[in-house]
Amino acid sequence: MDEAARAAALGSEAGLVVVAEQQTAGRGRRGHTWASPAGAGLYFSYLARPTRHVGLVTLAAGVGVREGVSRATGLTPQLKWPNDLLMGTRKLAGVLAEGTGIGTPGTIVTIGVGVNLRPAAYPPDVAARATSLESELGCPVSPAAVLVAVLEQLADTLAALEADRTDDILQAWRAASPTAAGAVVTWSDHEGEKSGTTAGIDEEGALLVRTPTGLERVIAGELDWHVTDRS
């Protein structure tokens with residue numbers, strides 16, 4: 033993502049892709065690390081220059097990555113707000129979007145994607161909550177085939193945003209995310225710790241949570257999900 037951001041600052045056009053066979057400082061949301069051992073995962077960053085609906089880029093990217101994985105492998109991962117792909121309750125892939133110049137003509141969003149290809153993609157201490165394409169399929173996968181399919185679908189979903197087809201993106205995301213409604217979550221904000229039941233997402237991609245005091249919009253932050261395997 034750092035390399036893609038540097039290229040963007042030098043004027044690279046939308047659609048630039050930076051692929052790594054290994055990352056030494058892979059990162060996830062809110063300062064978390066992303067294990068990226070050599071040859072075990074698909075790690076790439078995609079440079080986008082959205083002119084509208086920037087707030088939906090993360091969800092659109094999730095839809096694109098999911099559709100690409102499905103096209104390449106036949107698997108149908110679920111989406112968990114805002115950026116995870118799951119098989120059951122195990123994490124298969126993650127999407128991280130970082131933006132600069134938001135709201136200006138020079139808006140840049142770097143979309144980082146990590147897909148676990150093999151069990152070696154994650155350390156033993158997270159094995160109980162992670163999975164990989166090969167673990168799910170029981171056979172080897174072609175990293176190149178997955179990359180091509182994911183990039184094509186990602187480009188399509190981002191193009192849908194530019195064409196104002198936000199309903200298509202939101203509908204696809206909601207259909208792939210059973211935990212977006214009816215799951216118990218807890219989180220903290222400036223008012224303290226809160227809990228409630230998810231009630232879908234709104235037209236701007238915020239997670240809606242029904243609490244004892246009413247409906248709240250969650251747009252960022254760390255949530256704890258209390259869900260069971262719905263696969």
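My numbering applies: residue 33 is where the sequence shown begins, and numbers increase by one. Glycine residues also receive a C-beta, built at the ideal position from the N, C-alpha and C atoms.
Which same chain residues end up closer than 6 Å to residue i when comparing Cβ atoms and leaving out the 5 residues on each side of it in sequence?
| i | result |
| --- | --- |
| E99 | Q185 |
| P69 | A152 |
| G131 | V141 |
| V51 | F76 |
| A37 | T142 |
| A129 | V89, T90, V141 and I143 |
| G228 | V241, R242 and T243 |
| D256 | T218 |
| E35 | V50 |
Roughly how far, in whole angstroms, is the beta-carbon of residue i from the beta-carbon of residue j, given that I think they are within contact range, below 8 Å?
| i | j | result |
| --- | --- | --- |
| K226 | T211 | Contact flag wrong, Cβ pair sits at about 17 Å. |
| G73 | L179 | G73 to L179, Cβ: 11 Å. No contact. |
| I143 | R81 | Contact doesn't hold; Cβ gap of about 11 Å is too wide. |
| L240 | A252 | Actually they do not touch by this definition, with Cβ atoms about 14 Å apart. |
| H85 | L193 | 5 Å |
| T267 | M119 | This structure gives no information on residue 267, because the portion of the chain shown stretches from 33 to 263. |
In three-state DSSP terms, what is residue i?
| i | result |
| --- | --- |
| V173 | coil |
| T90 | helix |
| A195 | coil |
| D221 | strand |
| G96 | helix |
| S102 | helix |
| L183 | helix |
| L265 | Summary: the structure shown does not reach residue 265, with the chain confined to residues 33 through 263, and so no result is reported for it. |
| R38 | helix |
| S209 | coil |
| L190 | helix |
| R161 | helix |
For residue i, which residues in the same chain have their Cβ closer than 7 Å to its Cβ, ignoring the five residues on either side in sequence?
| i | result |
| --- | --- |
| L111 | G94, R98, L117, W205, A208 and S209 |
| A238 | R249, V250 and I251 |
| G87 | E236 and G237 |
| S44 | L79 |
Who pairs with residue i in a beta bridge, going by DSSP?
| i | result |
| --- | --- |
| D116 | K112 and G126 |
| I143 | Y78 and A129 |
| H258 | V216 |
| S227 | T218 |
| V50 | S77 |
| R242 | T229 and L247 |
Apart from the five residues on each side of it in sequence, which residues of its chain come closer than 8 Å, Cβ to Cβ, to residue i?
| i | result |
| --- | --- |
| V101 | L107, P109, L117, L124, A125, V147, L165, V178, A181 and V182 |
| A46 | L79, A80 and R81 |
| S220 | K226, G253 and E254 |
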